[in-house]
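J.: Be aware that the sequence shown starts at 1, since it is given in the UniProt record's numbering, and climbs by one per residue.
No residue lacks a Cβ here, since even glycine has one placed at the ideal position from N, Cα and C.
If you're wondering where the values come from, they're calculated on a predicted model, not measured in any experiment.
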Amino acid sequence: MNDRPGAQLDLAGILVGIRRMAPLSLFVVIFGLAFGVAALARGLSGFEAMLMSALVFAGASQFAALELWGPEIPLLPLIATTFAINARHLLMGAAIQPWLAHLPPAQRYGSLVVMSDSNWAMAVADRQRGETNVGMLVGGGIALWLTWLAGTLLGVIFGSGIAEPERFGLDVIMGCFLLAMLLGGRRDLSMLAPWGAAALAALAAMVWLPPHSHVIVGALAGGLVGLMVPARPTREATA
Numbered sequence: 001m002n003d004r005p006g007a008q009l010d011l012a013g014i015l016v017g018i019r020r021m022a023p024l025s026l027f028v029v030i031f032g033l034a035f036g037v038a039a040l041a042r043g044l045s046g047f048e049a050m051l052m053s054a055l056v057f058a059g060a061s062q063f064a065a066l067e068l069w070g071p072e073i074p075l076l077p078l079i080a081t082t083f084a085i086n087a088r089h090l091l092m093g094a095a096i097q098p099w100l101a102h103l104p105p106a107q108r109y110g111s112l113v114v115m116s117d118s119n120w121a122m123a124v125a126d127r128q129r130g131e132t133n134v135g136m137l138v139g140g141g142i143a144l145w146l147t148w149l150a151g152t153l154l155g156v157i158f159g160s161g162i163a164e165p166e167r168f169g170l171d172v173i174m175g176c177f178l179l180a181m182l183l184g185g186r187r188d189l190s191m192l193a194p195w196g197a198a199a200l201a202a203l204a205a206m207v208w209l210p211p212h213s214h215v216i217v218g219a220l221a222g223g224l225v226g227l228m229v230p231a232r233p234t235r236e237a238t239a
């Protein structure tokens with residue numbers, strides 16, 4: 001489904017997004033299970049853990065929140081940490097604004113509720129190939145949300161599972177997926193500058209700045225350098 005100006009988000013496009021994201025979303029169950037187990041260990045009830053996964057739907061932020069959870073919750077550090085981890089969504093949202101702008105407000109902002117790294121990356125990759133399928137963003141997000149809830153529920157029910165997914169290499173699955181999406185997009189030497197700037201800035205932030213700040217620092221550095229890189233002229237198709 002190509003979403004031209006005036007087109008509406010429809011069920012067929014959403015189902016396509018769910019089907020395409022389904023294989024990757026199965027891995028999300030493992031992380032959801034680990035979160036459910038960790039939430040119980042930090043004193044949350046099963047209902048509270050499920051409610052957090054349903055309403056927040058942000059794995060890294062939820063695990064970070066658990067680190068600060070206790071009898072007295074430091075509200076300002078919790079807000080700052082959550083914002084630092086999720087600040088990349090500001091840039092992600094800006095990147096897809098041009099092809100969501102024609103949708104009615106309810107569909108436009110509703111689409112962002114289920115936006116996460118992987119379905120955003122896949123939707124952007126489609127966009128770079130000339131396929132503006134909003135259903136990939138929404139359907140993929142729904143698939144990820146449902147499997148995240150299912151994993152959390154398994155962790156709550158069984159109270160045990162894979163508490164350390166990195167022991168099995170599962171923690172790099174999402175990174176490998178995003179790297180594949182990145183390499184599958186635009187390919188030219190001009191992209192090395194923003195990629196390199198983002199990587200170096202993020203590494204420096206990991207060493208010298210507070211935890212999780214490398215996410216927004218790397219994104220901002222890459223974005224600023226990308227703005228300074230001259231755009232390459234596109235070839236017009238000839239009849």
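#1: Label Val156 either buried or exposed according to how many other C-beta atoms from any shown protein chain fall within 10 Å of its C-beta, with 16 as the threshold for buried.
#2: Of all the options Asp10, Leu227, Val229, Pro210, which has the alpha carbon lying nearest to the alpha carbon of Arg108?
#3: Does the structure place the region 193-204 close enough to the region 212-231 that three or more beta carbon pairs sit under 8 Å?
#4: Can you tell me whether Met136 is buried or exposed, with buried defined as 16 or more other CB within 10 angstroms of its CB?
#5: Do Leu62 and Met50 have their C-beta atoms closer together than 7 Å?
#6: Between the region 95-106 and the region 123-132, can you find at least three pairs of beta-carbon atoms closer than 8 Å?
#7: Should Ser190 and Val225 be called a contact, given that it needs their Cβ atoms to be closer than 7 Å?
#8: Given that a residue counts as buried once 16 or more other Cβ atoms are within 10 Å of its Cβ, and exposed if not, what is Ala221?
#9: What does a CB cutoff of less than 8 Å around Gly93 pick up in its chain, not counting 5 residues either side in sequence?
#10: Where does Pro104 sit, in a helix, a strand or coil, going by DSSP?
T.: Checking against the coordinates, here is how it stands:
#1: Flag for Val156 reads buried.
#2: Ranked by Cα distance from Arg108, the first of Asp10, Leu227, Val229, Pro210 is Asp10.
#3: Output reads yes: the region 193-204 touches the region 212-231.
#4: By the 10 Å Cβ count, Met136 comes out buried.
#5: Note that residue 62 is Gln in the sequence shown, not Leu. No.
#6: In short, these stretches touch, since the Cβ pair count reaches three.
#7: The criterion of a C-beta distance shorter than 7 Å is not satisfied by Ser190 and Val225.
#8: Per the 10 Å Cβ criterion, buried.
#9: Only Leu112, Met115 meet the Cβ criterion.
#10: Here DSSP, grouped into helix, strand and coil, assigns Pro104 to coil.
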